[in-house]
Structure formats: C-alpha cells, structure tokens
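Structure record follows, encoded as structure tokens.
Numbering (our numbering), first residue to last: 144 to 776.
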C-alpha cells in the first residue's frame with residue numbers, strides 16, 4: 144500500500160499501522176533484546192542497527208499519525224523520486240520498518256537451516272560401538288547390553304562382529320580390522336595375550352576377550368572427548384555483518400546527533416530537526432543486510448551439492464581464504480582403503496595363471512582380509528577358481544590345503560620354513576623389494592617347492608595425484624598424515640607428489656600434529672574419512688570429510704566431499720572462496736545503497752518513496768549477485 148498509490152484508500156495508513164506494528168514490536172523482539180544486551184556492554188552489532196532503525200521508523204510514524212498530519216483521511220504517499228524538502232509530519236515509514244524486520248528474519252531462517260546440529264559428531268562416534276555382547280557366564284553365552292559389561296568379564300566375538308570393548312584375547316586367533324581407529328590399512332593378527340580395542344571388527348576366527356576397560360575409559364569414549372574438546376575450543380568466526388556494524392552503528396549515531404544539532408542550531412525548527420535525524424536512522428538500516436549472507440550461502444551450497452560438495456555453514460567460509468596447509472589422511476582419502484592384489488612374481492617355469500588359481504582357491508576358503516584380496520584378484524585375472532580340500536589355517540602364518548591334487552601353502556616365509564622349503568634368490572629379492580615399498584608380500588608353494596610371491600597393498604586412488612596438483616595450484620602445501628607405517632606412507636606420498644609425510648601416529652597424536660602445525664603459524668585444512676580423523680577434523684581450521692567415510696568424520700568436518708574423490712577438495716575450497724567473496728560483495732552493496740541516501744536524509748530531503756526504494760533495490764541486487772554462483776564450474 145505504501146509503495147502503490149492506487150491501493151491507498153482513505154485511512155489506509157491506519158491499516159498499515161495495524162499490520163506493521165506487530166511485526167516491528169513482536170517479530171523484531173529478538174533484535175531489540177540483543178540490542179539492549181549489547182548496549183549494556185558497550186557494544187554495537189547488526190542487531191543494534193536493526194533495532195534502532197526499525198524503532199525509529201515506527202516511533203516517527205506513530206508521531207506523524209497521532210500528532211502530525213499523516214493520520215488525516217485522504218493522506219497519500221505520492222509515487223515520486225523527487226529530491227526535495229519533505230514535511231516529516233505527513234510521512235510514515237511503516238513499510239520500511241516491517242520490510243527490514245521481515246527480510247532479516249527470513250535471512251536468519253535460511254541460515255539456521257544450513258547450520259550443523261550441535262553434538263552430532265559425538266553421537267555418531269558413540270553409535271559406532273557394539274550394542275550387545277555375548278558374555279560367558281558359567282560356561283554359557285548370555286547376550287547382554289554392552290552397558291552391563293564389567294572389567295574382568297569374558298565375552299565372545301565371532302567373525303564379522305565388532306569387539307564390544309577394550310580387552311585382552313584369552314582364547315582364539317584372528318585378524319582385526321582396526322583401520323577405522325588407527326588408520327592402518329593392513330588388518331592386525333591377534334592371538335592369546337594381545338590387546339584389542341572396542342569398535343574394531345573381528346575379520347577372522349572366533350575370539351574370547353577379557354574386558355580391561357569399559358564405558359568412559361575405552362579408547363572410543365576418549366576419542367569422543369577429543370572431538371568434544373576440539374569443537375568447544377574452536378571459536379566461531381564472528382559474523383562479518385557484526386564486524387561492519389561495530390563501526391557503522393556508532394558512525395550513524397554520530398551523523399544522527401550531528402544532523403539534529405545542525406538543524407536545531409541553523410533553523411531552530413524542532414520538527415524539521417527531528418525529521419532529518421530520524422530519517423538518517425531509518426535509511427541507515429539496510430534491508431538487504433539480513434539476506435547478504437544466507438542468499439549467497441544457499442546458492443553456493445546448492446551449487447556445491449550438484450558438484451558433490453556440502454558446506455556446513457557461513458562460519459566455514461572465512462577459513463577457506465586463509466588456509467595455506469592441507470593435511471591429507473592416507474587410508475580411504477588418498478588410497479581406496481581396501482587391500483588389493485598388486486604384483487605377481489613367479490619362479491622360472493611357473494605359469495602365472497596356475498599360481499593365481501591354486502593360491503586363490505586356497506585363500507578363498509579363508510576369512511582374512513589379505514586372503515580375500517588375493518582371492519578376488521585371482522578371480523579377476525583367471526576367472527573361476529577350483530575348490531580347496533583339507534583346508535587348514537595356521538594362525539599368524541597363513542593357510543594350507545590341497546587344490547587339484549597339489550599340497551599348497553600360502554602365507555609368510557616362516558610357514559614355508561616349517562615345511563623345510565627355501566625361497567629361491569629371485570623370489571626372496573621380490574619379497575624384500577615389495578616390503579621395502581610398504582607392500583605385504585605373500586609366498587606361495589606347492590609340492591615342496593616355492594613357486595611365487597604375491598604382493599598386496601592398499602591401492603592409491605587414480606585421481607589422487609591430479610588432486611594434489613590441483614591443491615598446490617591453490618597455494619596449499621600438502622602433508623600426508625597416517626597411522627600406517629612409514630614405508631607405506633612414503634610410497635604413497637611419492638606416487639601422488641607429496642613431500643611432507645607424518646606417519647605412525649595414533650588418533651590423539653593426529654590432533655597434536657594439527658595443533659603443532661597451527662602453532663607454527665599455518666592455517667590448516669584437514670581431509671579425512673575415518674573415526675580416527677574426527678578429532679583432527681574438528682581441531683583443524685577447516686575440516687573436509689570424505690562422504691564415503693564414517694558418520695563421525697562427516698559430522699566433525701566443515702565441508703563434506705560426497706563422492707569421496709580428492710579432486711573435489713580443490714573445487715570445495717574454490718567454491719567456498721567464491722561464496723565468501725560474494726557475501727562480502729553483498730554486504731558492501733547492502734550498505735552501499737543506504738549510505739548513498741544518507742546525505743539526502745541529513746539534509747531533510749528523504750521522502751518515504753526513496754527510503755523504500757533504496758531498501759528494495761539493495762535486496763534485489765543482493766539476490767541477483769548471489770545467483771551468479773549457480774554458474775560456478
């Protein structure tokens with residue numbers, strides 16, 4: 144009604160007041176409350192600006208309606224942009240006050256939708272543990288909730304099950320997949336007397352474990368505390384709008400006081416003086432301020448989602464501009480995180496296909512992760528496998544059995560030594576070279592002779608080298624960080640072009656490494672995918688979680704790379720920087736339109752049409768500027 148004269152029936156101004164007053168008083172109450180709190184502490188933020196501007200517009204409109212001429216029947220707001228001295232007693236600014244409140248509340252709603260949920264990382268971590276456990280009571284298995292476990296209880300862990308809590312193996316032998324906690328790509332063989340960790344997976348045979356730590360004392364619970372401490376200690380980036388407001392608000396108040404004093408001193412006209420002073424407050428309150436961040440963030444996150452990038456919130460963006468070091472987890476990030484058959488070395492006269500068929504058939508009967516990798520590789524290269532007979536598992540050494548009439552051994556060199564079989568020179572050299580490169584070497588023998596060596600390793604992702612090169616182009620220094628052994632880590636680093644390697648670190652040490660790099664003055668981004676990375680992701684200035692990883696890592700990260708492709712990390716940082724630049728541009732123009740009109744207000748030439756138009760144009764510009772992010776490549 145205020146902007147379209149055709150809708151201004153007699154006494155329209157009173158309906159305008161009825162509609163606007165609840166918005167400015169009740170809808171904007173959070174701004175008024177925050178402004179009062181800030182004032183008591185001598186601070187000025189965006190809330191101060193909104194509260195003063197909207198209350199000034201409402202207060203002046205009430206004065207004009209009840210004590211001036213604006214309440215007269217037949218009052219109209221003419222559709223004109225003329226710059227001329229206005230009669231403040233006949234002007235109302237209700238649409239400006241209600242519009243500012245509505246747009247900023249809408250912006251905050253959009254922003255709230257994109258924020259992370261507090262504590263989600265901790266819940267995701269604690270969800271990883273087993274829920275029930277088979278406890279031995281009087282020689283029989285009784286399933287009870289994990290919470291009822293006590294130190295000293297003995298419990299059974301079958302193949303494929305999670306180990307319920309930290310403990311010591313008292314019966315059985317197996318391979319335990321601890322990659323999620325330690326980052327080691329090769330499963331760890333355990334037997335009687337070995338320690339095991341809760342939430343790791345039993346990949347081999349049946350184990351009986353005696354609980355040594357339960358509840359809040361377990362390694363998983365300690366990691367949850369690490370994440371919590373890191374998130375609590377990570378200060379939120381102060382809102383850009385608030386930083387600008389901290390300078391802008393006092394300046395506007397000074398201009399308002401100067402305007403009032405100048406008018407009173409030069410003209411002595413109290414009404415004209417207050418008209419000009421209040422007009423300064425009204426025009427200084429930028430409608431688009433509340434939309435500047437959320438609209439750019441929504442368009443940027445929308446485009447990011449199309450590209451496989453999820454941005455958690457506006458506080459993430461500012462850190463992307465300052466990042467100069469990027470720490471990359473190895474397993475599951477730079478590498479696939481899965482063991483694969485790599486090379487096949489055969490003794491003279493031995494057919495590679497036969498070697499793979501016999502070894503693959505025997506390994507197919509085993510549950511060990513390395514055995515599964517060999518069996519899968521043999522199937523890929525030779526087709527179907529024969530059936531193994533008289534299969535036996537030699538704990539910690541390998542497997543043996545009969546395949547197509549041949550007595551076959553597959554495992555460590557020590558297994559062959561027990562059968563008095565020596566490894567010939569060329570195969571011994573192949574085994575040593577593979578282990579020097581950080582690969583796991585498996586020896587194959589049949590009918591009393593060593594026939595070949597198979598190597599197994601966690602394969603480097605095909606795109607990792609290209610991704611590292613892309614990160615360097617952005618001015619980032621890559622660092623490989625892993626819990627795996629140094630030989631494996633250095634081999635992977637060479638393959639992808641990384642110079643700096645930090646290996647053999649535990650989860651809590653990863654946090655310390657990130658803090659050390661920060662203490663050196665670096666701004667650190669971290670890319671990871673496992674539970675062992677969650678605390679480090681939360682500690683880093685910028686956390687990038689691989690979407691193919693665990694929920695704990697994803698929740699602790701600031702950016703999520705949905706496809707699990709490391710190349711997307713460079714895209715994510717570029718998109719975040721572009722979004723931040725758009726937000727800053729939006730803030731500039733959100734203030735710019737209104738600042739340009741400040742002199743008009745100070746000289747008493749601001750009519751309601753110019754005030755409303757400045758706010759409308761600034762909002763349209765902000766939205767249009769944000770939409771440009773849709774073309775990001």
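For every residue, glycine included, the Cβ atom is placed at its ideal position computed from N, Cα and C.
Predicted, not measured: the structure shown is a model, and the values here were computed from it.
**OP:** Using the DSSP secondary-structure output, state which residues sit across from residue 669 in a beta bridge.
**Re:** 470, 686
**OP:** Let me know the secondary structure DSSP gives residue 760 once reduced to three states.
**Re:** helix
Original post:
Can you tell me whether DSSP reads residue 557 as helix, strand or coil?
Top reply: helix
Original post:
Whose CA, out of 330, 387, 707, lies closest to the CA of residue 604?
Top reply: 707
**OP:** Kindly indicate the opening and closing residues of the alpha helix (DSSP H) around residue 731.
**Re:** 710–745
**OP:** Mark residue 252 as exposed unless 16 or more other C-beta atoms lie within 10 angstroms of its C-beta, in which case mark it buried.
**Re:** exposed
Original post:
Can you name, in chain order, every residue of its own chain whose Cβ lies under 8 Å from the Cβ of residue 739, other than the five neighbours on each side?
Top reply: 757
Original post:
For the beta strand (DSSP E) that residue 317 lies in, which residues bound it at each end?
Top reply: 317–320
Original post:
By a C-beta neighbour count over all protein chains shown, 10 Å radius and 16 as the cutoff for buried, is residue 320 buried or exposed?
Top reply: buried
Subject >> Cβ of residue 242 within 8 Å of any chain D Cβ >> reply: Here there is only one protein chain, and chain D is not present.
Original post:
Could you give the distance in angstroms between the alpha-carbon of residue 167 and the alpha-carbon of residue 308?
Top reply: 56 Å
Subject >> Segments of 4+ residues assigned as alpha helix (DSSP H) that fall wholly inside the region 185–252 >> reply: 189–209
Original post:
Taking the continuous beta strand (DSSP E) assigned at residue 141, which residues delimit it?
Top reply: Any question about residue 141 goes unanswered here, given that the chain covers just 144 to 776.
Subject >> residue 863 classed as buried or exposed, judged by whether at least 16 other C-beta atoms fall within 10 angstroms >> reply: Here the chain comprises residues numbered 144 to 776, so residue 863 is not present and cannot be evaluated.
**OP:** Would you list the residues sitting across from residue 753 in a DSSP beta bridge?
**Re:** Per DSSP, none; premise fails for residue 753.
Original post:
Measuring CA to CA, which of 395, 521, 432 is closest to residue 760?
Top reply: 432
**OP:** Please go through the region 542–597 and give each complete alpha helix (DSSP H) segment of 4 or more residues, from N-terminal end onward.
**Re:** 556–561, 568–579
Subject >> DSSP state of residue 778 mapped onto helix, strand, coil >> reply: This structure gives no information on residue 778, because the portion of the chain shown stretches from 144 to 776.
Original post:
Are there 16 or more other CB atoms within 10 angstroms of the CB of residue 218, so buried, or fewer, so exposed?
Top reply: buried
Original post:
What's the gap between the Cα of residue 153 and the Cα of residue 216?
Top reply: 5 Å
**OP:** Compare the beta carbon distance of residue 777 and residue 471 with 8 Å and say whether it is the shorter of the two.
**Re:** Look at the range of the chain in this structure, 144 to 776, and you will see that residue 777 is not part of it.
**OP:** Could you tell me which residues DSSP puts in a beta bridge with residue 276?
**Re:** 287
Original post:
When DSSP labels each residue in this structure, what does residue 338 get in the three-state scheme?
Top reply: strand
Original post:
Since residue 734 and residue 172 are thought to touch, with beta carbons under 8 Å apart, how far apart are those beta carbons, to the nearest angstrom?
Top reply: No, residue 734 and residue 172 are not in contact; Cβ-Cβ is about 24 Å, not under 8 Å.
Original post:
Under 8 Å, do residue 717 and residue 467 count as touching if we go by C-beta distance?
Top reply: no
Subject >> Limits of the beta strand (DSSP E) - the one that residue 621 falls within >> reply: 620–624
**OP:** Have a look at 770, 765, 747 and flag the residue whose alpha-carbon is nearest the alpha-carbon of residue 419.
**Re:** 747
Original post:
Out of curiosity, what's the CA-to-CA distance linking residue 280 and residue 299?
Top reply: 11 Å
Original post:
When DSSP labels each residue in this structure, what does residue 362 get in the three-state scheme?
Top reply: helix
Subject >> Proximal residues to residue 338 (C-beta, below 7 Å), its chain only, five neighbours per side dropped >> reply: 311
Subject >> Rounded straight-line distance, which links the Cα of residue 599 to that of residue 513 >> reply: 7 Å
Original post:
So, residue 702 versus residue 715, is the Cβ gap smaller than 8 Å?
Top reply: yes
Original post:
Given residue 393, which residues of its chain have a CB within under 8 Å of its CB, disregarding the five upstream and five downstream residues?
Top reply: 187
Original post:
Per DSSP, residue 484 forms a beta bridge with which residues?
Top reply: 599
**OP:** Just the C-alpha distance for residue 450 and residue 642, rounded to the nearest angstrom, thanks.
**Re:** 29 Å
Original post:
So does the region 287–296 actually touch the region 351–367, counting three or more Cβ pairs closer than 8 Å?
Top reply: yes
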